[in-house]
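>
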Amino acid sequence: MIELTSKQRKFLEKNAQSMNPVVIVGQNGVTPAVEEMANTSLALHELIKISFNEFKDEKQDLAAKLAERCGATLVRIIGNKVILYRPAERAADRKFEKSLNKL
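Quick note: the sequence shown uses this note's numbering, first residue 373, plus one each step.
1. Spell out a yes or no on whether the segment 397 to 406 and the segment 424 to 437 are touching, meaning 3 or more CB-CB pairs, one atom from each, closer than 8 angstroms.
2. What do you get for Ile374, buried or exposed, if any count of 16 or more other CB atoms within 10 angstroms of its CB means buried?
3. I need the straight-line Cα distance from Glu440 to Leu434, nearest angstrom please.
4. List, from N- to C-terminal side, the beta strand (DSSP E) runs of 3 residues or more that fit wholly inside the segment 374 to 436.
5. Indicate the three-state DSSP secondary structure (helix, strand or coil) for Leu475 in the structure shown.
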């Protein structure tokens, strides 16, 4: 998990604003399938948005646990949406690293 400054968080939030949620937490909560989908999406996109359709009262705890299990950083929780960031494994595939390092 990476520690982000407030400027880095704002930058990632700005980039996530136009994204649609790629993972949806429904009536079954954070299942292994949801974790796998989040891991796969993070590997492909680095920055993802997750929608909580259920468990809205527990989203803070569930989002933190999901981020920890995926090795991602919880960028922000906005309403019922959660933004997670994890740099790509290969340095050549990292889309946000140069911009984040400048901030």
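Glycine included, every Cβ here is placed at the ideal spot set by N, Cα and C.
Let me spell this out:
1. Taking 8 angstroms as the limit for Cβ pairs, the verdict is that the segment 424 to 437 does touch the segment 397 to 406.
2. Taking every protein chain shown into account, the CB of Ile374 has fewer than 16 other CB atoms within 10 angstroms, so this residue is exposed.
3. The straight-line gap from Cα to Cα measures roughly 10 angstroms.
4. Restricted to the segment 374 to 436, the beta strand (DSSP E) segments that are unbroken, complete and at least 3 residues in length are 395 to 397 and 419 to 424, listed in chain order.
5. In this structure, Leu475 counts as coil in the three-state DSSP scheme.
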